[in-house]
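K.L.:
Number of protein chains: 2
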Amino acid sequence: MDAVLQALADPSRRTVLTLLRDGPASAGDLAQALPIARPGVSRHLRVLREAGLVEVRQEAQRRIYTLRPEALVEVDDWLEDYRALWRHRLDALHTEIARGKRTT
Amino acid sequence: MDAVLQALADPSRRTVLTLLRDGPASAGDLAQALPIARPGVSRHLRVLREAGLVEVRQEAQRRIYTLRPEALVEVDDWLEDYRALWRHRLDALHTEIARGKRTT
DNA sequence: GCGGTACGTAACCAATCGGGTACATTAAAC
DNA sequence: GTTTAATGTACCCGATTGGTTACGTACCGC
Numbered sequence: 001m002d003a004v005l006q007a008l009a010d011p012s013r014r015t016v017l018t019l020l021r022d023g024p025a026s027a028g029d030l031a032q033a034l035p036i037a038r039p040g041v042s043r044h045l046r047v048l049r050e051a052g053l054v055e056v057r058q059e060a061q062r063r064i065y066t067l068r069p070e071a072l073v074e075v076d077d078w079l080e081d082y083r084a085l086w087r088h089r090l091d092a093l094h095t096e097i098a099r100g101k102r103t104t
Numbered sequence: 105m106d107a108v109l110q111a112l113a114d115p116s117r118r119t120v121l122t123l124l125r126d127g128p129a130s131a132g133d134l135a136q137a138l139p140i141a142r143p144g145v146s147r148h149l150r151v152l153r154e155a156g157l158v159e160v161r162q163e164a165q166r167r168i169y170t171l172r173p174e175a176l177v178e179v180d181d182w183l184e185d186y187r188a189l190w191r192h193r194l195d196a197l198h199t200e201i202a203r204g205k206r207t208t
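Quick note, the sequences are listed as chains A and B, same order.
Each residue of the first sequence is one higher than the one before, starting from 1 at the first, in my numbering.
Each residue of the second sequence is one higher than the one before, starting from 105 at the first, in my numbering.
1. Is any beta-carbon of chain A found at less than 7 Å from that of B:E174?
2. For the region 55-67 of chain A, enumerate the residues whose C-beta is nearer than 9 Å to any C-beta of chain B, in chain order.
3. How about B:V158 and B:L152: do their beta carbons lie closer than 7 Å?
4. Nearer than 6 Å: is that true of the beta carbon of A:D22 relative to any heavy atom of the ligand NAP?
5. Is DSSP giving B:L171 helix, strand or coil here?
6. Go to B:Q165, then tell me how far its beta strand (DSSP E) extends in each direction, as first and last residue.
7. Taking the alpha helix (DSSP H) that A:P24 belongs to, which residues open and close that run?
8. Have a look at B:P143 and B:R150 and give me their C-alpha separation to the nearest angstrom.
9. If you draw a straight line from the alpha carbon of B:A141 to that of A:A7, how long is it in whole angstroms?
10. Can you pull the chain B residues whose beta carbon is under 7 Å from the beta carbon of A:D77, in chain order?
11. Strictly below 9 Å CB to CB, what residues from chain A border B:R125?
12. Taking A:R63 as the reference, give the member of A:R83, A:G28, A:T18 with the closest Cα.
Set out below in C-alpha cells:
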C-alpha cells in the first residue's frame, strides 16, 4: 500500500500508467511519450514495478511493460473506509438542504 | 487530484486522516498521537488542508480539524478508469493471458 | 495590562527525489 | 567476435521534503 501510493504521487508515473492502459509498451516507447530522457523513465518503471503496478517481460532486447491494475485494488480497499463517510456526508448535506437547516 | 495524491503519499498524513475518521480533533491532539513534534504536524495539516482533505475551524485558541472525505472522491474517480481493467483481468484471467498482440 | 496556552511560521539541516550524462550489459545481426 | 540496438545502473546535482528548534501571534483567565 505504502509503495503504491508513493508511486502514484508522481505525475510522470501516473502518465506511464495511463499509457499502459492502451496495452503493453516497451521502455523506449514509454520514454518517447514522456518529456524526460530514457534513464529517468527507466527509474520510474523500476518504482512502478516494485510497487507491483507494472510487470515486465523480456522480448529480445526490448523490455515490454504491462499494466498490473490489480495492484490498485489496495488503494480501492484503503478508500473503502472513507467511502461510507463521504456518502453519509453527502446524504446529510442533501437532507439539510431539503430541510433548510445548517449544522454547527 | 495532484495535490490529493501528493498529500496521501506521506504515512504521517494518512495517519492524521485515520485519526480524524473518529471525529474532529485539535492540532495538539493530533500532534500528541503522532511520533513527530507539533510544528511538523502543523505543516502536515497545512498540506492536507490545501489538498482539501481537512478543514479547520477556530475554537478559542484551539484549531479544530475535521475530515473532508469528499476530497477523496477525486481518487475514487481516478481509479474508475482502472477498475474495469482489473475486474476484467480477474474475471477472465485464463482467456486473456494469450493476448500477445500489439501495434507499432 | 500580564502570563500561560495553543497554535502557526521561519530558519535550518539531513535525506530523498527527479532529472541529467556517462557507462555497463545483454541480445541480436552480421 | 564485433557491432548495433535497447535498456538498466552509477554518479552527480539542484530542488523538494520532512523533521527539528526558535520565534511570533492570538486568545483566554487573572
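A virtual CB, placed ideally from N, CA and C, is assigned to each residue, including glycine.
P.N.:
Taking the definition as stated:
1. yes
2. I64, L67
3. yes
4. The model on display carries no ligand, and the ligand NAP is accordingly not part of it.
5. strand
6. Counting along the chain, B:Q165 falls outside any beta strand (DSSP E), and DSSP gives it neither H nor E.
7. Careful: A:P24 lies outside any alpha helix (DSSP H) and carries neither H nor E.
8. 11 Å
9. 27 Å
10. Those within 7 Å of A:D77 in chain B number zero; the least Cβ separation is about 11 Å.
11. D81, Y82, L85
12. A:G28
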